[in-house]
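Working notes, beginning with the structure itself.
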Amino acid sequence: MSDPRRKAKRYEARWKAALAYDRAINKPIAHTLTNDLSMTGTSVQSTEDAALNTVLVVLLVPPVLERIPQKILRPKAIVRSSRPQKSGFRLGLNFVPDDELTKLRAILEMLDLSGDSLPSEPDAAASNSG
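Below you can see the structure in the form of structure tokens.
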């Protein structure tokens, strides 16, 4: 499932995440999981649709792994796609370059990137419905 628009390889990754919208949008923080993750973006499950080009903060929680700091990352992202699914929507997000993205990239570089998936939350596999 290679998308020619993607500039970076995407990895299957089920990381805990939350979407924090600008207060002016008046949406509550949405708790979710990532579907995949790359150096430039992610896709997440959402119960609500999001307008294209909406800027939000993605609160990402890497799984507990040796050598990986267990800190919440807060990269900003722009909604680039929204597709309906039976359980809501799949949002495609592009990260905005900033210090938080630099921290995320450093963590990704500490992981084994030779395969097609990243370490994920142990309980995330059970909720893998899409």
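Under the working numbering, the first residue of the sequence shown is numbered 163, with each subsequent residue one higher. We treat Cβ as the ideally placed atom computed from N, Cα and C, and that holds for glycine. Quick caveat: nothing in here was measured; it's all calculated off a predicted structure.
Do we get a CB-CB distance below 8 Å when we pair residue i with the residues of chain D?
i: Leu-280; result: The displayed structure is made up of one protein chain only, and chain D is not part of it.
Hey, out of the options, whose CA is closest to residue i's CA?
i: Ile-230; options: Ile-240, Leu-221 and Leu-270; result: Leu-270
i: Leu-266; options: Ser-276, Val-217, Thr-204 and Gly-277; result: Thr-204
i: Ala-213; options: Ile-234, Lys-233, Thr-264 and Asp-184; result: Asp-184
i: Ala-307; options: Thr-209, Lys-169 and Leu-280; result: What is shown of the chain runs 163 to 292, which leaves residue 307 out entirely.
i: Lys-189; options: Arg-236, Asp-261 and Leu-218; result: Leu-218
How long is the line joining the alpha carbons of residue i and residue j, rounded to whole angstroms?
i: Asn-256; j: Asn-197; result: 14 Å
i: Leu-253; j: Val-241; result: 7 Å
i: Asp-211; j: Ser-243; result: 10 Å
i: Gln-247; j: Val-206; result: 12 Å
i: Ala-192; j: Met-272; result: 28 Å
i: Phe-251; j: Glu-228; result: 33 Å
i: Lys-169; j: Pro-237; result: 18 Å
Leaving out five residues on either side along the sequence, give the residues of the same chain with a beta carbon under 7 Å from the beta carbon of residue i.
i: Lys-171; result: Ser-200
i: Lys-178; result: Leu-195, Val-223 and Glu-283
i: Leu-221; result: Ala-179, Ala-180, Ala-182, Ile-234 and Arg-236
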